[in-house]
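Visitor: Quick one: structure below, then a few questions.
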Amino acid sequence: MSLDDYLKKLRTLEATAALNGLICTQTVSGNIVLSRLGGAWIFDNVGTASAWLESNTRGVQA
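Just so you know, we're using my numbering here: the sequence shown kicks off at 2 and counts up by one.
Spelled out as structure tokens, the structure:
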């Protein structure tokens with residue numbers, strides 16, 4: 002995966018997380034952390050974090 006593709010996926014994950022009330026952070030070691038008041042989830046990569054977020058949120062209601 003190119004750096005540009007990775008950054009696009011990371012920015013999409015950050016936006017999706019924010020819309021669902023979560024904060025998305027990338028650690029120095031490259032892990033992805035999704036957090037909110039009362040909990041945090043740590044993932045190895047953007048793909049795993051995106052899949053978890055997709056399966057554990059209902060999305061934003063219009």
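Ideal placement from N, C-alpha and C gives every residue a C-beta, glycine not left out.
Let me check understanding here. Comparing Cα to Cα, which of Trp-53, Met-2, Thr-13 lies closest to Ala-69?
Guide: Beyond the ends of the chain as shown, which are 2 and 63, falls residue 69; an answer cannot be given.
Visitor: Does DSSP classify Leu-20 as helix, strand or coil?
Guide: As a working mapping, residue 20 is identified with position 19 in the sequence shown. Helix.
Visitor: Below 7 Å CB to CB, which residues in the same chain sit around Thr-58 once its five sequence neighbours on both sides are set aside?
Guide: The residue labelled residue 58 in the question sits at position 57 within the sequence shown. So the list reads Asn-21, once near-sequence residues are dropped.
Visitor: In terms of residue numbering, what span does the alpha helix (DSSP H) encompassing Ser-51 cover?
Guide: Residue mapping note: residue 51 aligns to position 50 of the sequence shown, counting from 1. Element bounds for Ser-51: 47 to 57.
Visitor: Since Leu-23 and Arg-12 are thought to touch, with beta carbons under 8 Å apart, how far apart are those beta carbons, to the nearest angstrom?
Guide: By one-based count along the sequence shown, residue 23 stands at place 22. By one-based count along the sequence shown, residue 12 stands at place 11. Actually they are not in contact, since the Cβ atoms of Leu-23 and Arg-12 sit about 15 Å apart, beyond 8 Å.
Visitor: Rank Ser-56, Glu-55, Gly-48 by C-alpha distance to the C-alpha of Lys-1 and give the top, closest one.
Guide: In the structure as shown, the chain starts at 2 and stops at 63, and residue 1 therefore has no counterpart that could be examined.
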